[in-house]
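Have a look at the structure below before the remarks.
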Amino acid sequence: MNEKIKILVVDDEKVIRDGCSRVLSGKGYDVITAENGQAALDVLAKEPLDIILLDLKMPVMSGEEVLEITGEKYPDIPVIIITGHGTVDTAVECMKKGAYDFITKPFQIDQFLLIITRAAEKRNLEQKARQFEQENIRNLYDLNLEKSRLKTIINYMGNGVMVTNRNLEVVLHNPALMRLMEISEEVENPAPISTIIHDESLINTLKQIQGGESSENESISQEINAGANVLRAISAPALGPDSSVVGTVTVIEDITAFKQLDQMKTDFVNMVAHELRSPLSAIKQQNHVLLEGLCGPLGEKQHEFVSRGSNRIDSLLELINDLLDVAKIEAGKYVQRLVPTDIGKVIEETIALMDSKAKEKGIDLSFSFKNLKPVQADPKNIEEIFNNLISNAINYSPEGGKVTVTAQGQGEYMEIRVEDTGVGISPEELPKIFDKFYRVKHPKTRQVIGTGLGLAIVKGIVDAHHGTIDVESVVDKGTTFRILFPVMA
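Going by our numbering, 318 is the number at position 286 of the sequence shown; the sequence numbering is gapless.
Here it is in structure tokens:
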């Protein structure tokens, strides 16, 4: 026992009190004695007790009177009646009134201790039961409090929240969700998912999550439309105690304003690019006339300044053309025609154009093909991919470097690799290289002029052709771009 059981022995015979005290103390019980019923009640009023051994026949106050009072005031304390053979019937009557058991005088030690042990176990079990009950009540209170807090937080969130169960029924949603989905009527939980969500792509995503096809740490983000609203839905699995998927959790936010702002920005860039291209082309043509001497001879210094101006105009026109290309890619209008395309031929033509530039820098430019198959693609777009990648490889390689282009069939795909022995890209910069206007920072390549749009255009073209592109790089060792295109059946 963790705590000593306190036993009150109530008997008017001192020999009985002392005998019980001696036997019980030897077994680890804490024993208190009282010579009559009134003294027993006085002890009960002062300190908590676990078991009462109660004689029936006592002066001042009898055991029956004590039992009646303890039954009202202390109903949880087991009372064991001490009785002589002549009062067994009375003891039985006392048990009917609530006594736990009775012991007849003279005691048999084994039977006496057995009854005491059972009463002690009963007392311990009742105390534990009460403790569990109190903890359960407290836990239920805490749970209700937490549930109320959670409900308040969810209801006042600006983003929509939706939780579904295994059957893809909505079991929790907030007012923001109904507002974003433009639903005015009340929806009682649980409700079929189709009563709130009408976008098939989102429903399919939730089914995919329910099927356990996504990782427990993975979330799926997608754009959906609800009336005039453009929404972003981020969905993740809801896991049970055994880490199995028991439902889904989706947070929906309104990105209509951001989409409109992005469209305004795109429209503005397109307008500016179109408006600038015409006058710049006219200025370039006039400079060309001056440089050709069609308006009279130019002095050496004049020729140098006009040439510099022409080079700057070329850079601006390149930036404008790149901006317009990015806008077309984002609008899905860049790929004009898809025809069977010989990748090897496009690579050969591009390398032929780049060869003189490579030789100027002392760079070995080579290519090799194996098991080529035609690809359904826009030749002009494919040419732009290799123009960008091979040009970058030459620009970012030191004198005496090497640039290698390989293409080979890999089952249902065509693999193209553009490798260089250049300055490389640091690990922290690798995830950003396909971002618009991002340029790799390296002290050896400060002189390289560019818009930072080339790789963004390459990525857009590859994606538009249902291909993939990835990159591996080691600083001061080189970089490899790897493209996979699906081949024609």
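C-beta: ideal position from N, C-alpha, C; glycine also.
Quick caveat: nothing in here was measured; it's all calculated off a predicted structure.
Which term fits residue i, buried or exposed, when burial requires 16 or more other beta carbons within 10 angstroms of its beta carbon?
i: HIS306; result: exposed
i: VAL494; result: buried
i: HIS320; result: exposed
i: ARG155; result: buried
i: LEU385; result: exposed
i: HIS498; result: exposed
i: LYS491; result: buried
i: PRO110; result: buried
i: ASP174; result: exposed
i: ILE422; result: buried
i: VAL455; result: buried
i: PHE466; result: buried
i: TYR188; result: exposed
i: SER429; result: buried
i: GLN76; result: According to the sequence as given, residue 76 is Leu; it is not Gln. Buried is the call here.
i: THR149; result: exposed
i: GLU416; result: buried
Tell me, which residues are paired with residue i by DSSP?
i: PHE290; result: In the DSSP output, where bridge partners are listed per residue, PHE290 has none listed.
i: GLY192; result: ILE284
i: LEU326; result: GLY328
i: TYR106; result: DSSP lists no partner for TYR106.
i: LYS434; result: ASP396
i: SER266; result: Reading off the sequence shown, one finds Ile at residue 266, where the question assumed Ser. Its beta-bridge partners are SER253, VAL283.
i: LYS38; result: ASP62
i: ARG535; result: The chain is shown only over 33 to 521; residue 535 falls outside these bounds and no answer can be derived.
i: PRO224; result: GLU201
i: ASP87; result: ILE114
i: THR19; result: Outside the modelled stretch of the chain, which goes from 33 to 521, sits residue 19, for which no answer is possible.
i: VAL371; result: ALA409
i: PHE300; result: Beta-bridge pairing links PHE300 to no other residue.
i: PRO518; result: TYR445
i: VAL277; result: LEU271
i: ALA258; result: ASN261
Return the chain-ordered list of same chain residues with a C-beta closer than 6 Å to the C-beta of residue i, the five sequence neighbours on each side being excluded.
i: ARG309; result: ILE352
i: ARG49; result: VAL41, ASP43, THR65
i: GLY192; result: ALA208, LEU209, LEU212, ILE284
i: GLU96; result: none
i: ASN34; result: Bear in mind that a pLDDT of 44 at ASN34, under 50, signals an unreliable position, so the number given afterwards is only what the model happens to contain. Contacts found: none.
i: THR500; result: LEU516
i: SER420; result: Per the sequence presented here, residue 420 reads as Asn, with Ser not at that position. Once the five neighbours on either side are set aside, the close Cβ partners of ASN420 are GLY486, VAL490.
I'd like the span of the alpha helix (DSSP H) that includes residue i, first residue to last.
i: GLU381; result: 375 to 392
i: MET127; result: 120 to 128
i: PRO406; result: That residue, PRO406, is in no alpha helix (DSSP H); it is neither H nor E in DSSP.
i: LYS78; result: 69 to 78
i: GLN240; result: 232 to 242
i: LEU212; result: 207 to 212
i: SER423; result: 411 to 427
Cβ of residue i within 8 Å of Cβ of residue j?
i: PRO406; j: ASP374; result: yes
i: GLY279; j: ALA265; result: no
i: LYS129; j: LEU86; result: no
i: ALA409; j: VAL450; result: no
i: ASN68; j: VAL92; result: yes
i: LEU323; j: SER339; result: yes
i: VAL435; j: LEU462; result: no
i: PHE418; j: THR382; result: yes
i: ILE147; j: ILE113; result: no
i: ALA267; j: ILE241; result: For the sequence presented, residue 267 should be read as Ser rather than Ala. Contact: yes.
i: ALA553; j: LEU88; result: Nothing can be reported for residue 553, as the shown portion of the chain is limited to 33 through 521.
i: GLU255; j: ALA223; result: no
i: LYS36; j: GLY60; result: yes
i: LEU263; j: ASP286; result: yes
i: GLU214; j: ALA161; result: no
i: ASP115; j: PHE134; result: Checking the sequence, you will find Thr at residue 115 rather than Asp. A contact, by the Cβ cut-off of 8 Å.
i: ILE379; j: GLY433; result: no
The beta strand (DSSP E) that contains residue i, what's its start and end?
i: SER400; result: 396 to 402
i: SER94; result: Segment: none, SER94 is in no beta strand (DSSP E) and carries neither H nor E.
i: VAL450; result: 445 to 452
i: GLY484; result: Segment: none, GLY484 is in no beta strand (DSSP E) and carries neither H nor E.
i: GLY272; result: Segment: none, GLY272 is in no beta strand (DSSP E) and carries neither H nor E.
i: ASP133; result: 133 to 136
Using C-beta distances below 8 Å, list every residue in its chain close to residue i, excluding the 5 sequence neighbours before and after it, in chain order.
i: GLU504; result: THR511, THR512, ARG514
i: ASN403; result: GLN440, GLY441
i: VAL371; result: GLN408, ALA409, ASP410, PRO411
i: VAL358; result: LYS468, LEU485, ALA488, ILE489, GLY492
i: GLY376; result: PHE401, LEU404, ALA439
Tell me which same chain residues have a C-beta within less than 7 Å of the C-beta of residue i, skipping the five on either side of it?
i: GLY244; result: VAL277
i: ARG369; result: ASP410
i: ASP299; result: none
i: VAL301; result: LEU355, ALA359
i: LYS389; result: ILE426
i: TYR445; result: LEU516, PHE517, PRO518, VAL519
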